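This report concerns only the one structure given below.
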Amino acid sequence: MNKKLLPIIIGVCGIGVLILGLTLLKKSPSKPQEPVIEEEQLVAADSSIVASVTWSKIKDNTIVLSVSGLKNGYTKVAYEVSYETQGVVQGVTTRPLDITGKDTFVRDDIYLGTCSKNVCKPHTGVKKVSLVLEFTDTSGKKSQLAKDFDL
Numbered sequence: 020m021n022k023k024l025l026p027i028i029i030g031v032c033g034i035g036v037l038i039l040g041l042t043l044l045k046k047s048p049s050k051p052q053e054p055v056i057e058e059e060q061l062v063a064a065d066s067s068i069v070a071s072v073t074w075s076k077i078k079d080n081t082i083v084l085s086v087s088g089l090k091n092g093y094t095k096v097a098y099e100v101s102y103e104t105q106g107v108v109q110g111v112t113t114r115p116l117d118i119t120g121k122d123t124f125v126r127d128d129i130y131l132g133t134c135s136k137n138v139c140k141p142h143t144g145v146k147k148v149s150l151v152l153e154f155t156d157t158s159g160k161k162s163q164l165a166k167d168f169d170l
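Quick note on our numbering: the sequence shown kicks off at 20 and runs consecutively.
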């Protein structure tokens, strides 16, 4: 008689474990909550800083970024350039670059396109760019300048 009850006992235990597992699964969140990341709110950069973006006269599909009025008061600058090409927003970003002791900053090699394995494909039809500059001053305080440019 014990041999006949053993499969029934195992079946009942299996169903119990299944019910317990489903109950615990329903109580746990299906998707872990993502941590909320607060964006750093930066103050506006000093009004004496002037930025300009123009097409390069030397390199095709390349823009020149010029920044002046830094008054040797900054240690780093990072930039983000975004633009629309064929209905798609594209962009170029950089890590912070050292500008310690400089009053001006010029970057003359910002290519508007994509490159892979030394083969570059230009993004065509760019008529306007949006620029965001993030400055770090000598005390470590950050500020930003945002501006749109027609090319």
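The C-beta atom is built at its ideal place from N, Cα and C for all residues, glycine as well. What you are looking at is a predicted structure, and each value in this text was computed from that prediction instead of being measured.
Here Gly-88 is near Ile-68, since their CB atoms are less than 7 Å apart. The residues Tyr-93, Thr-94, Lys-95, Val-96, Pro-115, Lys-161, in chain order, have a CB closer than 8 Å to that of Thr-155 in the same chain once the five nearest residues on each side in sequence are set aside. Considered as a whole, the stretch 84-135 harbours no complete run of any alpha helix (DSSP H) with no fewer than 4 residues. Straight through space, the alpha carbons of Pro-141 and Ser-135 are spaced by roughly 12 Å. At a Cβ-Cβ threshold of 7 Å, Asp-127 and Val-83 count as neighbours. If you look at Thr-155, you'll find it in the beta strand (DSSP E) that goes 147-156. By DSSP's assignment, Ile-82 forms a beta bridge with Trp-74, Ile-129.
In terms of Cβ geometry, Tyr-130 and Thr-73 do not form a close pair [threshold 7 Å].
Boundaries of the beta strand (DSSP E) around Gln-163: 161-169. Looking at the backbone, the Cα of Val-86 and that of Thr-123 are separated by about 6 Å. Under DSSP, the beta-bridge partners assigned to Ala-63 are Gln-163. The beta carbons of Gln-163 and Val-151 sit about 6 Å from each other, so the pair counts as a contact at 8 Å.
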